[in-house]
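As given, the protein sequences belong to chains A and B, one line each in that order. Each residue of the first sequence is one higher than the last, beginning at 1 in this note's numbering. Each residue of the second sequence is one higher than the last, beginning at 1001 in this note's numbering. Glycine is no exception: its CB is placed at the ideal position from the N, C-alpha and C atoms. Notes follow once the structure below has been shown.
Protein chains: 2
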Amino acid sequence: MDEDHTAVFAALAEPSRMRIVSLLRGGPLTVGQIAERLEIRQPQASKHLKVLQQAGLVDVEAEANRRHYRLRPEPFRELESWLAGYRELWNERFDRLDDYLRTMED
Amino acid sequence: MDEDHTAVFAALAEPSRMRIVSLLRGGPLTVGQIAERLEIRQPQASKHLKVLQQAGLVDVEAEANRRHYRLRPEPFRELESWLAGYRELWNERFDRLDDYLRTMED
DNA sequence: TTCGAATATTCCTGTAAAGGAATATTATGA
DNA sequence: TCATAATATTCCTTTACAGGAATATTCGAA
């Protein structure tokens, strides 16, 4: 339990990186395209992409001069399963289950 | 879109805070109980709880001397809905939808 | 009202990380 | 082989933040 999502959370805690991840939902993009759309300088884009890559959030495919970055599905699946451990906290169905269990206690 | 989950992600990116959140799944705990179970000093526990509180992840109920911290469901709901925006990236059902759409393109 | 338990806050220090600017690297096409 | 586009890396500076230690605060009980 608890695993190690800290790298993923840390990566997503930075606004530019969050925007990169959001951008990449539309499909792979090159470093230049990302820098342009986010209005940041290319070196910063490269640095952020490196962090995202080390966190496992993106991977790269090289094509000639360019590098196409794209989202990896795995960390999102892991986030979902991590979040599932908290589902009883907020999920309506679990609320009803709680009510039911409380009823049983009487 | 994108909203502002950065405070939540930043809060969860710290291992001790992640452990506090995990601990609190079992129900509200006092600062002292948290410090004891995590084997950290009380001031650090208080500081981490402050960060968690400012991120909206926990709230407090004062009872005499003690303060009971507990998880708030809202940020977890928001995480879930944020994550939903990425579901087509990893969800099997969406994969099948993709296949279907590609078929339509021929 | 004073004491002690529980908690919060402050001050200090070290460290990690972000942005800017410059430079290095890599691959393509002429 | 050279020039150029695309990207990565390095160096520097500034800032944010975590932990430690000490201290302040708050509340209930005697």
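Against chain A, with Cβ distances strictly below 7 Å, would residue i count as a contact?
| i | result |
| --- | --- |
| residue 1086(B) | yes |
| residue 1080(B) | yes |
| residue 1089(B) | yes |
| residue 1013(B) | yes |
| residue 1073(B) | yes |
| residue 1006(B) | yes |
Is the CB of residue i under 7 Å away from at least one CB in chain B?
| i | result |
| --- | --- |
| residue 35(A) | no |
| residue 77(A) | yes |
| residue 24(A) | no |
| residue 2(A) | Its pLDDT being 49, under 50, residue 2(A) is placed unreliably by the model, and the measurement read from it follows with that caveat. By this cut-off, residue 2(A) is an interface position. |
| residue 52(A) | no |
| residue 45(A) | no |
| residue 83(A) | yes |
Rounded to whole angstroms, how far is the Cβ of residue i from the Cβ of residue j, which I believe are closer than 8 Å?
| i | j | result |
| --- | --- | --- |
| residue 14(A) | residue 1083(B) | Incorrect: roughly 18 Å between the Cβ atoms, too far for contact. |
| residue 22(A) | residue 48(A) | Wrong, their Cβ atoms sit about 13 Å apart, outside the cutoff. |
| residue 24(A) | residue 60(A) | Incorrect: roughly 12 Å between the Cβ atoms, too far for contact. |
| residue 11(A) | residue 55(A) | 4 Å |
Uninterrupted beta strand (DSSP E) stretches inside the region 1011-1082 of chain B (no shorter than 3 residues): Unbroken beta strand (DSSP E) runs of no fewer than 3 residues, entirely contained in the region 1011-1082 of chain B, are found at 1058-1063 and 1066-1071, following chain order.
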